[in-house]
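Numbering (full-length UniProt numbering), first residue to last: 1 to 156.
The C-beta atom is built at its ideal place from N, Cα and C for all residues, glycine as well.
Here is the structure we will look at, set down as C-alpha coordinates.
In C-alpha coordinates form, the structure reads like this:
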(Lines of atoms letter the chains of each structure in order from A and count residues from 1; the text may use other names and numbers.)
(Lines give C-alpha, C1' and ligand atoms only; values in the text may rest on other atoms or scores of the structure.)
Protein backbone atom coordinates (compact mmCIF):
# COMPACT_ATOMS: atom_id res chain seq x y z
CA UNK A 1 0.00 0.00 0.00
CA UNK A 2 1.17 3.53 -0.76
CA UNK A 3 -0.07 6.79 0.66
CA UNK A 4 -1.66 7.49 -2.73
CA UNK A 5 -4.55 5.22 -1.79
CA UNK A 6 -5.54 7.44 1.13
CA UNK A 7 -7.76 10.51 1.40
CA UNK A 8 -7.07 13.50 3.62
CA UNK A 9 -9.00 16.67 4.42
CA UNK A 10 -7.62 20.20 4.29
CA UNK A 11 -8.05 22.79 7.00
CA UNK A 12 -10.85 24.23 4.84
CA UNK A 13 -12.77 20.94 4.75
CA UNK A 14 -11.84 19.75 1.22
CA UNK A 15 -11.26 15.99 1.09
CA UNK A 16 -8.88 14.77 -1.59
CA UNK A 17 -6.75 11.78 -2.53
CA UNK A 18 -3.03 11.92 -1.84
CA UNK A 19 -2.53 10.65 -5.38
CA UNK A 20 -2.58 14.34 -6.35
CA UNK A 21 1.07 14.32 -5.18
CA UNK A 22 2.11 11.27 -7.19
CA UNK A 23 5.63 11.81 -8.54
CA UNK A 24 6.53 14.30 -5.80
CA UNK A 25 8.72 13.93 -2.71
CA UNK A 26 6.55 14.52 0.35
CA UNK A 27 7.47 15.52 3.88
CA UNK A 28 4.53 14.87 6.22
CA UNK A 29 4.62 16.58 9.61
CA UNK A 30 2.30 16.34 12.60
CA UNK A 31 2.14 19.88 13.92
CA UNK A 32 0.84 21.84 16.88
CA UNK A 33 0.63 25.61 17.06
CA UNK A 34 1.19 25.82 20.84
CA UNK A 35 4.23 23.51 20.98
CA UNK A 36 7.74 24.57 21.93
CA UNK A 37 8.92 23.28 18.55
CA UNK A 38 6.76 25.65 16.47
CA UNK A 39 9.88 27.48 15.31
CA UNK A 40 10.29 24.54 12.94
CA UNK A 41 7.51 26.03 10.81
CA UNK A 42 10.03 28.62 9.58
CA UNK A 43 12.51 25.94 8.48
CA UNK A 44 9.76 23.83 6.91
CA UNK A 45 8.59 26.86 4.95
CA UNK A 46 12.19 27.61 3.89
CA UNK A 47 12.53 24.05 2.51
CA UNK A 48 9.19 24.36 0.75
CA UNK A 49 10.15 27.70 -0.80
CA UNK A 50 13.50 26.36 -1.96
CA UNK A 51 12.45 22.97 -3.35
CA UNK A 52 8.76 23.10 -4.31
CA UNK A 53 9.64 23.72 -7.96
CA UNK A 54 11.84 20.61 -7.90
CA UNK A 55 8.97 18.48 -6.60
CA UNK A 56 8.93 18.80 -2.80
CA UNK A 57 5.59 18.98 -1.04
CA UNK A 58 5.26 19.55 2.69
CA UNK A 59 1.98 18.54 4.30
CA UNK A 60 1.10 19.74 7.80
CA UNK A 61 -1.33 17.75 9.94
CA UNK A 62 -2.21 19.43 13.24
CA UNK A 63 -2.82 17.07 16.12
CA UNK A 64 -4.09 17.75 19.61
CA UNK A 65 -3.10 14.37 21.03
CA UNK A 66 -0.37 16.11 23.01
CA UNK A 67 -2.73 18.92 24.12
CA UNK A 68 -0.86 21.67 22.29
CA UNK A 69 -3.20 22.63 19.47
CA UNK A 70 -5.88 25.27 19.02
CA UNK A 71 -9.57 24.35 18.87
CA UNK A 72 -9.97 24.03 15.10
CA UNK A 73 -7.91 23.27 12.01
CA UNK A 74 -8.81 26.68 10.61
CA UNK A 75 -7.49 28.45 13.72
CA UNK A 76 -4.34 26.30 13.71
CA UNK A 77 -3.53 26.93 10.04
CA UNK A 78 -4.30 30.65 10.40
CA UNK A 79 -1.85 30.85 13.31
CA UNK A 80 0.79 29.06 11.18
CA UNK A 81 0.22 31.35 8.21
CA UNK A 82 0.17 34.59 10.20
CA UNK A 83 2.99 33.79 12.63
CA UNK A 84 5.33 31.77 10.42
CA UNK A 85 4.29 32.59 6.85
CA UNK A 86 3.30 29.00 6.11
CA UNK A 87 2.08 28.47 2.54
CA UNK A 88 2.35 24.68 2.31
CA UNK A 89 -0.88 22.67 2.63
CA UNK A 90 -2.34 22.35 6.12
CA UNK A 91 -5.00 19.81 7.03
CA UNK A 92 -7.70 18.98 9.54
CA UNK A 93 -6.74 18.16 13.11
CA UNK A 94 -6.05 14.42 13.27
CA UNK A 95 -5.14 11.78 15.81
CA UNK A 96 -1.67 10.36 15.17
CA UNK A 97 -1.70 7.48 17.68
CA UNK A 98 -4.06 4.80 18.88
CA UNK A 99 -7.25 3.30 17.50
CA UNK A 100 -8.55 6.69 16.39
CA UNK A 101 -5.38 7.58 14.46
CA UNK A 102 -5.95 8.86 10.93
CA UNK A 103 -5.33 6.10 8.35
CA UNK A 104 -2.38 8.10 6.98
CA UNK A 105 -0.65 8.06 10.36
CA UNK A 106 -1.50 4.40 10.88
CA UNK A 107 0.31 3.66 7.62
CA UNK A 108 3.23 6.00 8.38
CA UNK A 109 3.80 4.47 11.81
CA UNK A 110 3.42 0.89 10.54
CA UNK A 111 6.13 1.50 7.95
CA UNK A 112 8.60 3.31 10.23
CA UNK A 113 9.53 2.80 13.83
CA UNK A 114 10.51 5.55 16.23
CA UNK A 115 11.78 5.74 19.79
CA UNK A 116 8.41 4.56 21.12
CA UNK A 117 8.02 1.82 18.51
CA UNK A 118 5.13 2.56 16.21
CA UNK A 119 3.75 5.49 18.21
CA UNK A 120 4.41 9.10 17.31
CA UNK A 121 6.45 10.42 20.23
CA UNK A 122 5.59 14.11 19.97
CA UNK A 123 4.58 16.99 17.72
CA UNK A 124 6.77 17.68 14.69
CA UNK A 125 7.55 14.07 13.94
CA UNK A 126 8.38 14.08 10.24
CA UNK A 127 7.95 11.36 7.60
CA UNK A 128 9.70 11.39 4.22
CA UNK A 129 7.90 9.80 1.26
CA UNK A 130 9.56 9.20 -2.12
CA UNK A 131 8.18 9.96 -5.59
CA UNK A 132 6.57 6.50 -5.72
CA UNK A 133 4.56 6.97 -2.52
CA UNK A 134 6.86 4.74 -0.46
CA UNK A 135 7.57 5.83 3.10
CA UNK A 136 11.33 6.21 3.36
CA UNK A 137 12.14 7.47 6.83
CA UNK A 138 10.83 8.92 10.07
CA UNK A 139 12.54 11.89 11.71
CA UNK A 140 12.30 12.76 15.40
CA UNK A 141 10.45 15.86 16.63
CA UNK A 142 13.74 17.52 17.56
CA UNK A 143 15.30 16.91 14.13
CA UNK A 144 15.42 20.39 12.63
CA UNK A 145 13.94 20.51 9.13
CA UNK A 146 17.01 22.14 7.58
CA UNK A 147 19.11 19.19 8.82
CA UNK A 148 16.97 16.98 6.53
CA UNK A 149 17.85 19.03 3.45
CA UNK A 150 20.58 16.73 2.08
CA UNK A 151 18.39 13.66 2.43
CA UNK A 152 15.43 15.42 0.80
CA UNK A 153 17.64 16.54 -2.10
CA UNK A 154 18.76 12.94 -2.65
CA UNK A 155 15.14 12.01 -3.47
CA UNK A 156 14.42 15.06 -5.62
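What three-state label does DSSP hand residue 61 in the structure shown? If DSSP states are grouped into helix, strand and coil, residue 61 belongs with the strands.
For my contact list, residue 120 and residue 64 are in at a C-beta cut-off of 8 Å; report their separation, rounded to the angstrom. Not a contact, Cβ separation roughly 13 Å.
With which residues is residue 7 paired in a DSSP beta bridge? Paired residue(s): 17.
Secondary structure of residue 87, DSSP reduced to three states: It is coil, neither helix nor strand.
Could you check which residue in 107, 26, 17 has the C-alpha nearest to that of residue 145? Of the candidates 107, 26, 17, 26 places its Cα closest to the Cα of residue 145.
Helix, strand or coil at residue 156 [DSSP, three-state]: Coil, per DSSP.
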